[in-house]
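Q:
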Amino acid sequence: MRAKMRIMGFRGAAIKPLNEEAAAELGAELLGEAIVFGVGGLCLYLEYARQAGQARRREEEQAATLRDMAAALERMRGELDALLAEKGGAAPGPAPKQNPAPNASPAPASQLVPAH
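Read left to right, the sequence shown gives residues 1 to 116 (the UniProt record's numbering).
(1) One question on the structure: do LEU18 and LEU31 come within less than 9 Å of each other, judged by their Cβ atoms?
(2) With C-beta atoms as the reference, is GLY12 less than 9 Å away from MET5?
(3) Which of the three DSSP states is assigned to LEU18 in this structure?
(4) What would DSSP say about ARG11, mapped onto helix, strand or coil?
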């Protein structure tokens, strides 16, 4: 390796060793920067964890609201069936199947129009 460097024209330069004061100063500066970097990384991680927790809680609240609304809808359907049966009217058919997927495509028209 030395021969290759000499062929390329590089000469080894003498490096003076640092005195204790300069070495301590450089070490302290490096340690300070490492601490600042570590604190910044910790802040980023904590913010990410906080936002992930908020998103999870928001999704749980939405799911609970959806369950409550579905239960209320079923209760109202039961009340409607009871009222229609009381009046002697024909009870409506079974409730259409609900697709729980929020971004699902709508049902085909053949399922929406009752067959005669």
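Virtual Cβ for every residue (Gly too), placed ideally from N, Cα, C.
A: So, from the data block:
(1) Not in contact: LEU18 and LEU31 (Cβ atoms no closer than 9 Å).
(2) Cβ atoms of GLY12 and MET5: closer than 9 Å.
(3) DSSP places LEU18 in coil when its eight states are reduced to three.
(4) Coil, per DSSP.
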